[in-house]
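Protein sequences, first through last, are from chains A and B. So for the first sequence, my numbering puts the first residue at 44; every next one is plus one. So for the second sequence, my numbering puts the first residue at 47; every next one is plus one. Beta carbons: idealized from backbone N, C-alpha and C, even for Gly. Every value quoted in this text rests on a predicted model; they were computed, and no experiment measured them.
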Amino acid sequence: MSPRDAARIAYLILIYGFLYLPILVLIVYSFNDSKYSLEWQGMTWTWYQNLFDDPDLLQVALNSALVATLSATVATMIGTMAAVALYRYAFFGKSLLQGLIFVLMMTPDIVMGIALLILFASLRLPLGFWTLLLAHITFNIPFVVVTVFSRISGFDRHLIEAAKDLGATEFQTVRCVILPLLVPAVGAGWLLSFTLSMDDVIVSFFVTGPTFEILPLKIYSMVRLGVTPEINALCTIMLGATLMLILIAQLLLREKS
Amino acid sequence: MKGDLWFQRVSVGTVWFWLAVFALVPNVMVVAASLLERGDREFVRFALSLESYQRLLDPLYLRVLWNSFYLAALSTLMCLAMGYPFAYLLARVPRRYSRLLLLLVIIPFWTSSLVRTYAMVIILQTNGWLNQILLDLGLIAEPLELLYTEPAVIAGMLYALLPFMILPLYAALEKLDRRLIEAARDLGAGRVTIFRRIILPLTLPGIVAGCMLTFLPGLGMFYVADLLGGARTLLVGNLIRDQFLSARDWPFGAAASVMLTVLMGLLLWAYYLSSRRASRGALP
Numbered sequence: 044m045s046p047r048d049a050a051r052i053a054y055l056i057l058i059y060g061f062l063y064l065p066i067l068v069l070i071v072y073s074f075n076d077s078k079y080s081l082e083w084q085g086m087t088w089t090w091y092q093n094l095f096d097d098p099d100l101l102q103v104a105l106n107s108a109l110v111a112t113l114s115a116t117v118a119t120m121i122g123t124m125a126a127v128a129l130y131r132y133a134f135f136g137k138s139l140l141q142g143l144i145f146v147l148m149m150t151p152d153i154v155m156g157i158a159l160l161i162l163f164a165s166l167r168l169p170l171g172f173w174t175l176l177l178a179h180i181t182f183n184i185p186f187v188v189v190t191v192f193s194r195i196s197g198f199d200r201h202l203i204e205a206a207k208d209l210g211a212t213e214f215q216t217v218r219c220v221i222l223p224l225l226v227p228a229v230g231a232g233w234l235l236s237f238t239l240s241m242d243d244v245i246v247s248f249f250v251t252g253p254t255f256e257i258l259p260l261k262i263y264s265m266v267r268l269g270v271t272p273e274i275n276a277l278c279t280i281m282l283g284a285t286l287m288l289i290l291i292a293q294l295l296l297r298e299k300s
Numbered sequence: 047m048k049g050d051l052w053f054q055r056v057s058v059g060t061v062w063f064w065l066a067v068f069a070l071v072p073n074v075m076v077v078a079a080s081l082l083e084r085g086d087r088e089f090v091r092f093a094l095s096l097e098s099y100q101r102l103l104d105p106l107y108l109r110v111l112w113n114s115f116y117l118a119a120l121s122t123l124m125c126l127a128m129g130y131p132f133a134y135l136l137a138r139v140p141r142r143y144s145r146l147l148l149l150l151v152i153i154p155f156w157t158s159s160l161v162r163t164y165a166m167v168i169i170l171q172t173n174g175w176l177n178q179i180l181l182d183l184g185l186i187a188e189p190l191e192l193l194y195t196e197p198a199v200i201a202g203m204l205y206a207l208l209p210f211m212i213l214p215l216y217a218a219l220e221k222l223d224r225r226l227i228e229a230a231r232d233l234g235a236g237r238v239t240i241f242r243r244i245i246l247p248l249t250l251p252g253i254v255a256g257c258m259l260t261f262l263p264g265l266g267m268f269y270v271a272d273l274l275g276g277a278r279t280l281l282v283g284n285l286i287r288d289q290f291l292s293a294r295d296w297p298f299g300a301a302a303s304v305m306l307t308v309l310m311g312l313l314l315w316a317y318y319l320s321s322r323r324a325s326r327g328a329l330p
């Protein structure tokens, strides 16, 4: 190995270290048997135990999971339809729709958050579960469209033509030919939406009310009061869940490519 | 095949409906709200006024805007400086390792940036990990006040945003046709010329996309400023949030948000121009 190669590898390691070190420190301390000290005092499950003994926190976690599940599901349905429509059909305002989806994905969270807040306020919708759900569906849609569309555009068009020649209606073609081929990408889109929804802070901050609390906002308000080992444990659980979902999504996307 | 059209109509209709109601209309309403006056009982009063935009030019707010731009631009440039060589190397790793190494960038990309910001708090707090290491190494005699400083905010933004810079850069560098570089070398171009005349123009869309994905969120991530920078209003994000939460001046908050949208428009335009140029340059 030449010195230049060594320098390259050292640089890669340095950046990976920067990306992962803080997370690893967080995870390690969530198991440390000491409330204040940084010294390693031995392994403990106390902080995790405390989390599970807190009924409020469990309710908040369930709220988050509920919104993430529902919003990912609806966004996946709409996003998949959008991807299929963009691939299959020519229709009025198609390029505008494409542009809108792209812009929506690039929009800073804070801009989307207050735009939806103004919408909900002028419709006089009380902020809570429903407004949160509508907002999460909205920011998830573009990610599903992109994930599904990138798979669909690698398709063999002959399959679709064959289905048509054999007399399939448009709906039958979509249901029996296109969708089965899309299953991995649709699954990956759902998982990514679920992750986005579980992790979102900024949009949720504006569109939910005190009646319906979710995990990231709970963590945010806890951290503002100070660092505790319980937050370490909660963040570690969030990290673990995200990691699992991302790995499955990546496996699904890799399968046939 | 006429009866066939219903599926097309339903799918196109649903998508259009959703995006119109929850993306198009709300943004139009933000622009409208920014042009109204602040109301006493309702959030806005229906009287046209440019007052909110004038207030953005007030020295008090101008300082917040300037400070926020400075912090976001600095973190964006640092992300670019750190991320470009990294993405370049990553795009040249042997195939055997590249999938795993790319996955290791994708994971933080999707991980909650709040959680990652919190991890930075743990590292930087006075009785935190970094101080402990420095003390143990004997580099400092007593713990440094690292938290609630501007460098802490920059470190947090860098940490939260770096994956958003790396991924678009990687996508651009991975597509780069290596034969172009070889051809340039054969024609006698030096390393600097190759970088300046070939690699840079062809990866410019990736650079612009990466800057857009770091700079805009960098202006808005109010929790980074809160958790690492203390209670001061540091970012446009904090300013906007406070207008909607405590100050109750919706038109002013909307005006600040319109400014961010305009900025996004400019960056999207730059992206469009650079990618059009790059694709023209790549033609044989």
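Please report the straight-line C-alpha distance between residue i and residue j, rounded to a whole angstrom.
| i | j | result |
| --- | --- | --- |
| residue 274/B | residue 217/A | 50 Å |
| residue 110/A | residue 179/A | 8 Å |
| residue 313/B | residue 97/A | 46 Å |
| residue 141/A | residue 220/B | 25 Å |
| residue 53/A | residue 250/A | 45 Å |
| residue 203/B | residue 159/B | 9 Å |
| residue 184/A | residue 230/B | 43 Å |
| residue 277/A | residue 180/B | 28 Å |
| residue 47/B | residue 212/A | Summary for residue 47/B: the model assigns pLDDT 46, below 50, so the residue's position carries little reliability; its value from the coordinates is reported in the next sentence. Each residue's alpha carbon lies about 7 Å from the other. |
| residue 54/B | residue 128/A | 7 Å |
| residue 217/B | residue 86/B | 50 Å |
| residue 101/B | residue 113/B | 16 Å |
| residue 298/B | residue 304/B | 10 Å |
| residue 291/A | residue 156/B | 13 Å |
| residue 63/B | residue 135/A | 13 Å |
| residue 269/B | residue 261/B | 15 Å |
| residue 126/A | residue 66/B | 17 Å |
| residue 208/A | residue 133/A | 20 Å |
| residue 308/A | residue 114/A | The requested residue 308/A is not part of the displayed model; chain A covers only 44 to 300. |
| residue 281/B | residue 45/A | 45 Å |
| residue 102/A | residue 283/B | 29 Å |
| residue 9/B | residue 244/A | The structure shown has nothing for residue 9/B, since chain B only spans 47 to 330. |
| residue 65/A | residue 256/B | 23 Å |
Please classify residue i: does DSSP put it in a helix, a strand, or coil?
| i | result |
| --- | --- |
| residue 162/B | helix |
| residue 191/B | coil |
| residue 91/B | strand |
| residue 180/A | helix |
| residue 224/B | helix |
| residue 55/B | helix |
| residue 75/A | strand |
| residue 44/A | coil |
| residue 84/B | strand |
Mind checking whether residue i and residue j have CB atoms under 9 Å apart?
| i | j | result |
| --- | --- | --- |
| residue 311/A | residue 247/A | This structure cannot speak to residue 311/A, because chain A is shown only from 44 to 300. |
| residue 151/A | residue 310/B | yes |
| residue 181/A | residue 68/B | yes |
| residue 193/B | residue 163/B | no |
| residue 227/B | residue 253/B | no |
| residue 320/B | residue 214/B | no |
| residue 161/B | residue 287/A | no |
| residue 198/B | residue 166/B | yes |
| residue 316/B | residue 249/B | no |
| residue 186/A | residue 225/A | no |
| residue 132/B | residue 67/A | no |
| residue 200/B | residue 120/B | yes |
| residue 293/A | residue 291/B | no |
Taking 8 Å as the cut-off, is the C-beta of residue i nearer than that to any heavy atom in the ligand FMN?
| i | result |
| --- | --- |
| residue 308/B | Of ligands this structure carries none, so the ligand FMN is not represented either. |
Within 7 Å of chain B by C-beta, residues of the stretch 67-87 of chain A in sequence order: 68, 69, 72, 81
At 4 residues or longer, what runs of the alpha helix (DSSP H) sit wholly inside the stretch 243-297 of chain B? 246-266, 268-275, 282-291
Between the stretch 286-304 of chain B and chain A, which residues of the former have a C-beta closer than 8 Å to a C-beta of the latter? 286, 287, 290, 296, 299, 300, 303
Any C-beta of chain A within less than 9 Å: which residues of the stretch 136-165 of chain B qualify? 136, 138, 139, 145, 147, 149, 150, 151, 152, 153, 154, 155, 156, 157, 158, 159, 160, 161, 162, 163, 164, 165
Report the residues of the stretch 278-298 of chain A with a CB closer than 7 Å to any CB of chain B, ordered along the chain. 278, 281, 282, 285, 286, 289, 293
Which ranges does the alpha helix (DSSP H) cover as unbroken runs of at least 4 residues, wholly within the stretch 160-238 of chain A, from first to last along the chain? 172-195, 200-208, 213-216
Could you run through the stretch 308-328 of chain B and flag, in chain order, every residue whose CB is less than 7 Å away from some CB of chain A? 310, 314
Contact residues within the stretch 109-123 of chain A, judged by C-beta distance below 7 Å to chain B: 121
Between the stretch 159-175 of chain A and chain B, which residues of the former have a C-beta closer than 8 Å to a C-beta of the latter? 159, 160, 161, 162, 164, 165
Between the stretch 265-276 of chain A and chain B, which residues of the former have a C-beta closer than 8 Å to a C-beta of the latter? 266, 267, 270, 274, 275
Residues, ordered as in the chain, of the stretch 88-109 of chain A that lie near chain B by beta-carbon distance below 7 Å: none
Mind checking the stretch 101-134 of chain B against chain A and listing, in chain order, the residues whose C-beta falls within less than 7 Å of any C-beta there? 128, 131, 132
Where in the stretch 126-160 of chain B do unbroken runs of the alpha helix (DSSP H), each at least 4 residues long, occur, reported from the N-terminal end onward? 141-156
Please identify, using Cβ separations under 8 Å, the residues of the stretch 254-279 of chain B that lie next to chain A, in order along the chain. 258, 259, 262, 263, 265, 266, 267, 268, 269, 272, 273
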